[in-house]
Amino acid sequence: MEENIEQIQQIPVQNSGGPTPIVPPTVPPQKSSKILLIFLGVLIILAVGVAAFFLGKKSNNQRTVTPPAVSTISKPTLTSDPTANWKTYTNTKYGFEIKYYPELNPSEDNGEDKIINFSTGMANISHSQYGFSIRILAKSTTESLKEEIVNSLAKAPMPSKIESEEEKSFNNITWKKFNYKKFVTTDYYDMTTAVTINNQYSYEIVAAAGDIDQILSTFKFLSSDETANWKTYTNSVEKFSFKYPQSWFLKESSSMIQIFNYDVDKAPGRSYDPVRDGNLFKVEVFLDNKFSNLTEWFENEKNTPDQSNDLPKEFLNIKNIFVSSQEGLFFELKSSMTDSLVGVATFKLPQGSLVHFWGGLNYEGNKNYFDQILSTFKFLDQASDPTANWSVFTSKKGYSIRIPPNMKVVEAGFGSGRPEESAGIGIIETSAKEPLLSPHMVISVFTDSKTTLKQLAQENYDKNVNHPSNSIISVTESFREGKLGNNDSYQYSFKTKGLVTPDEEYFTQEGEYRFIWTQSGSKIYCLMVADTPTFNQILSTFKFN
325 MEENIEQIQQ
335 IPVQNSGGPT
345 PIVPPTVPPQ
355 KSSKILLIFL
365 GVLIILAVGV
375 AAFFLGKKSN
385 NQRTVTPPAV
395 STISKPTLTS
405 DPTANWKTYT
415 NTKYGFEIKY
425 YPELNPSEDN
435 GEDKIINFST
445 GMANISHSQY
455 GFSIRILAKS
465 TTESLKEEIV
475 NSLAKAPMPS
485 KIESEEEKSF
495 NNITWKKFNY
505 KKFVTTDYYD
515 MTTAVTINNQ
525 YSYEIVAAAG
535 DIDQILSTFK
545 FLSSDETANW
555 KTYTNSVEKF
565 SFKYPQSWFL
575 KESSSMIQIF
585 NYDVDKAPGR
595 SYDPVRDGNL
605 FKVEVFLDNK
615 FSNLTEWFEN
625 EKNTPDQSND
635 LPKEFLNIKN
645 IFVSSQEGLF
655 FELKSSMTDS
665 LVGVATFKLP
675 QGSLVHFWGG
685 LNYEGNKNYF
695 DQILSTFKFL
705 DQASDPTANW
715 SVFTSKKGYS
725 IRIPPNMKVV
735 EAGFGSGRPE
745 ESAGIGIIET
755 SAKEPLLSPH
765 MVISVFTDSK
775 TTLKQLAQEN
785 YDKNVNHPSN
795 SIISVTESFR
805 EGKLGNNDSY
815 QYSFKTKGLV
825 TPDEEYFTQE
835 GEYRFIWTQS
845 GSKIYCLMVA
855 DTPTFNQILS
865 TFKFN
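To convert a position in the sequence shown, counted from 1, into this note's numbering, add 324.
Given below as structure tokens:
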């Protein structure tokens with residue numbers, strides 16, 4: 325089997341009013357004034373009489389109808405969408421779409437950060453029709469992005485500073501807006517930089533302050549499921565399916581299904597060379613009817629020597645996994661032929677046979693793809709979800725998780741309170757007298773972190789490994805990138821009798837514990853879980869709200 329994994333069938337070919345008058349003081353009227361007033365009064369009476377005559381005459385020539393009183397229902401004023409005729413820019417790589425003024429032209433700058441400019445070529449950016457820009461960069465924090473804006477404004481030829489900040493939401497996306505003045509060519513303009521974070525990227529939009537809200541109202545994230553548009557392979561006989569990327573290739577024979585990230589028909593068929601062939605990757609899927617359960621099969625694997633040198637196989641990162649609520653086994657093998665890793669995942673099918681997934685060639689450079697393909701694997705016509713009757717714990721920190729009947733959720737520190745509002749919770753056995761000395765799970769949430777996801781994860785990894793108690797027995801999985809569902813993550817595992825979580829340090833029952841760090845929106849999550857079948861199944865139910 326290993327020889328098949330390391331053999332590369334194909335190598336890709338390179339290819340106004342006036343002033344107010346001053347009122348004079350009141351003077352007592354003289355006698356002559358009274359005569360004058362009488363004369364003026366007579367004239368006014370005559371004038372009114374004449375006017376009344378003519379008006380009455382005109383009225384007699386017309387039929388007078390007094391309309392009945394009718395209640396008037398005012399019609400609502402329809403406000404048209406000012407962006408209805410704007411064009412739409414879609415970026416599938418970074419997962420978003422946005423509208424822009426028809427006279428603008430989008431242009432992409434592929435530097436260290438991805439920048440898309442929407443402009444007409446005019447230098448002054450004082451209205452949306454004259455342009456705005458989007459910058460996509462590796463996931464960061466709002467505070468670090470603010471600091472970058474502050475430094476940029478301070479170092480400008482005509483320095484300025486942030487004048488105000490505010491948060492605003494459009495299309496269920498929360499943006500942090502930084503408002504400031506910026507000197508452009510001949511004058512200062514009111515500008516805004518709006519930032520948001522989603523999965524593995526930070527998004528930054530710069531536009532005139534008067535236009536930013538209208539621009540943000542057109543910004544939408546595409547489906548967060550990166551596998552949504554992947555191809556689907558279905559095995560109607562063994563009743564399972566999985567997905568693989570659109571641009572990949574699939575070959576099926578009576579004994580094996582193979583998927584490749586390269587065209588196998590355009591290569592000479594020599595052995596895989598890591599230096600010459602780089603990122604080539606393949607996954608082989610095949611059935612096994614020799615064994616009836618995972619334990620029996622794995623014991624046989626451990627007792628079977630490497631076919632290439634008859635030496636014992638080197639198993640790494642062995643762990644139980646759950647896909648579609650079904651238990652499986654995962655491990656990595658050190659290849660004796662190329663000194664590279666091979667990824668292996670095995671599941672028991674409802675019909676009784678086993679199905680194996682082997683990831684070979686440049687597996688280490690494509691672990692994320694291997695994890696994603698496994699996450700799409702599902703059994704057809706399978707029995708009901710064994711977690712369906714578990715209670716659902718919903719946190720106000722943006723996630724939910726299912727809890728089996730013999731478990732409970734407590735506030736971090738394993739005290740009492742309102743765990744659904746807490747930034748840290750523990751999942752423990754209800755009957756456990758010493759929860760920390762039994763298998764358990766801890767979830768911690770950071771809502772205002774000034775540190776990046778990777779930095780937090782790396783710091784925790786180092787604290788565990790270098791703790792003065794020397795409680796780590798072995799590192800079973802080194803610090804690496806991974807996936808939690810469709811979200812990027814950093815993961816590592818220890819066999820240990822002491823733990824350092826984001827909330828506290830303590831001794832625990834000796835066993836294997838797994839740390840998973842991930843991010844959703846601006847929140848960073850740390851999941852520390854005992855690596856047991858029950859807790860792995862609990863972990864499989866974790867999802868973001």
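Just so it is clear, CB atoms sit at the ideal spot from N, CA and C, and this is done for glycine as well. All of these numbers come straight from a predicted model, not from anything done at the bench.
Endpoints, the alpha helix (DSSP H) within which residue 787 is located: The residue you call residue 787 lines up with position 463 of the sequence shown. Going by DSSP, residue 787 is part of the alpha helix (DSSP H) stretching over 777–789.
Ordered list of beta strand (DSSP E) runs contained in the region 592–665, each at least 3 residues: Positions of the beta strand (DSSP E) runs, each at least 3 residues long and wholly inside the region 592–665, are given as 605–612, 639–647, 650–658 in order along the chain.
Inter-residue Cα distance where the pair is residue 855 and residue 543: Counting from one through the sequence shown, the residue named residue 855 turns up at place 531. Counting from one through the sequence shown, the residue named residue 543 turns up at place 219. So the alpha carbons of these two residues sit roughly 40 Å apart.
Cβ-based burial, residue 695 [other Cβ within 10 Å; buried from 16]: As a working mapping, residue 695 is identified with position 371 in the sequence shown. Residue 695 comes out buried.
Segment contact, 8 Å Cβ cut-off, at least three pairs: the region 582–601 with the region 678–694: yes
Limits of the alpha helix (DSSP H) - the one that residue 468 falls within: Residue mapping note: residue 468 aligns to position 144 of the sequence shown, counting from 1. 466–478 is the span of the alpha helix (DSSP H), which, as asked, contains residue 468.
Residue 697 versus residue 807 - alpha carbon distance: Taking the sequence shown and counting its residues from 1, one reaches residue 697 at position 373. Taking the sequence shown and counting its residues from 1, one reaches residue 807 at position 483. Spanning the two alpha carbons is a distance of roughly 11 Å.
Coil, strand or helix - residue 534 by DSSP: If you number the sequence shown from 1, residue 534 lands on position 210. Coil.
Chain-order list of residues whose beta-carbon lies under 7 Å from that of residue 868 (same chain, five-residue window excluded): By one-based count along the sequence shown, residue 868 stands at place 544. Same-chain partners within the cutoff: 722, 723, 844.
Residue burial classification, residue 530 (beta-carbon count within 10 angstroms, cutoff 16): Stepping through the sequence shown from its first residue, residue 530 is reached at position 206. Counting Cβ neighbours within 10 Å, residue 530 comes out buried, since at least 16 surround it.
Per DSSP, the bridge partner or partners of residue 573: Position 249 of the sequence shown, counted from the first residue, corresponds to residue 573. Answer by DSSP bridge pairing, in chain order: 584.
Nearest neighbour of residue 417, chosen from 699, 461, 771, 424 [CA to CA]: One-based indexing of the sequence shown puts residue 417 at position 93. Nearest option by C-alpha distance: 461.
Three-state secondary structure (DSSP) of residue 699: Within the sequence shown, residue 699 is the residue found at index 375, counting from 1. Three-state result, residue 699: helix.
Per DSSP, the bridge partner or partners of residue 726: In the sequence shown, residue 726 corresponds to position 402, counting from 1. Per the DSSP secondary-structure output, residue 726 pairs in a beta bridge with 716.
Residue interval of the alpha helix (DSSP H) (run including residue 860): By 1-based counting over the sequence shown, the position of residue 860 is 536. Where residue 860 is concerned, the enclosing alpha helix (DSSP H) stretches over 857–863.
Distance between beta carbons of residue 669 and residue 654, contact taken as under 8 Å: Working through the sequence shown from its first residue, we reach residue 654 at position 330. Working through the sequence shown from its first residue, we reach residue 669 at position 345. Indeed, because the Cβ distance is near 5 Å, the residues count as touching under 8 Å.
At least 3 beta-carbon pairs within less than 8 Å: the region 457–477 vs the region 503–523: yes
Uninterrupted alpha helix (DSSP H) stretches inside the region 807–848 (no shorter than 4 residues): Uninterrupted alpha helix (DSSP H) stretches at least 4 residues long and entirely within the region 807–848 do not occur.
Contact check, residue 810 vs residue 689, beta carbons under 8 Å: Translated into positions along the sequence shown, residue 810 becomes position 486. Translated into positions along the sequence shown, residue 689 becomes position 365. Not closer than 8 Å, so no.
Rounded straight-line distance, which links the Cα of residue 422 to that of residue 414: Within the sequence shown, the letter at position 90 stands for residue 414. Within the sequence shown, the letter at position 98 stands for residue 422. Rounded to whole angstroms, residue 414 to residue 422 spans 7 Å at the Cα level.
Residue 689 in three-state terms, based on DSSP: Translated into positions along the sequence shown, residue 689 becomes position 365. In the structure shown, residue 689 sits in a helix (DSSP, three-state: H, G or I).
Under the three-state DSSP convention, the category residue 427 falls into: On the sequence shown, residue 427 is found 103 positions in, with the first residue counted as 1. If DSSP states are grouped into helix, strand and coil, residue 427 belongs with coil.
Residue 837 to residue 750 span [Cα, whole Å]: Residue 837 sits at position 513 when you count from the first residue of the sequence shown. Residue 750 sits at position 426 when you count from the first residue of the sequence shown. Spanning the two alpha carbons is a distance of roughly 14 Å.
Collapsed DSSP secondary structure at residue 721 in the structure displayed: Start at 1 with the first residue of the sequence shown, and residue 721 comes out as number 397. Residue state, collapsed to three classes: coil.
Burial state of residue 478 (16 or more Cβ within 10 Å): Here residue 478 refers to the residue found at position 154 of the sequence shown. Label assigned to residue 478: exposed.
Residue 656, buried or exposed, once every other Cβ within 10 Å from all chains shown has been counted against 16: Residue 656 sits at position 332 when you count from the first residue of the sequence shown. Burial call: buried.
For residue 769, the first and last residue of its enclosing beta strand (DSSP E): Your numbering for residue 769 matches position 445 in the sequence shown. Per DSSP, residue 769 belongs to the beta strand (DSSP E) from 765–770.
Where the beta strand (DSSP E) through residue 498 begins and ends: Looking up residue 498 in the sequence shown gives position 174. Its beta strand (DSSP E) spans residues 497–508.
Secondary structure of residue 376, DSSP reduced to three states: Counted from its first residue, the sequence shown places residue 376 at position 52. With a pLDDT of only 46 at residue 376, under 50, the local geometry of the prediction cannot be trusted, and no value is derived from it.
Inter-residue Cα distance where the pair is residue 623 and residue 528: The sequence position of residue 623 within the sequence shown is 299, counting from 1. The sequence position of residue 528 within the sequence shown is 204, counting from 1. When rounded, the distance between both Cα atoms is 52 Å.
Closest Cα partner of residue 852 within the set 743, 736, 700: If you number the sequence shown from 1, residue 852 lands on position 528. That would be 736, whose Cα lies nearest to the Cα of residue 852.
Beta-bridge pairing of residue 684 - partner residues as DSSP gives them: For the purposes of this step, residue 684 is identified with residue 360 of the sequence shown, where counting begins at 1. BP columns for residue 684 point to 606.
Proximity to residue 579 [Cα-Cα], best of 633, 455, 608: Taking the sequence shown and counting its residues from 1, one reaches residue 579 at position 255. Per the Cα distances, 608.
Whether residue 817 touches residue 832 by CB criterion (8 Å): Within the sequence shown, the letter at position 493 stands for residue 817. Within the sequence shown, the letter at position 508 stands for residue 832. No, Cβ-Cβ distance for residue 817 and residue 832 is not below 8 Å.
DSSP state of residue 360 mapped onto helix, strand, coil: Counted from its first residue, the sequence shown places residue 360 at position 36. Low confidence applies to residue 360: its pLDDT is 49, below 50, so where it sits in the model is not reliable enough to give any reading.
C-beta contact flag for residue 873 and residue 788 at 8 Å: Because the chain here runs from 325 to 869, residue 873 falls outside it and cannot be looked at.
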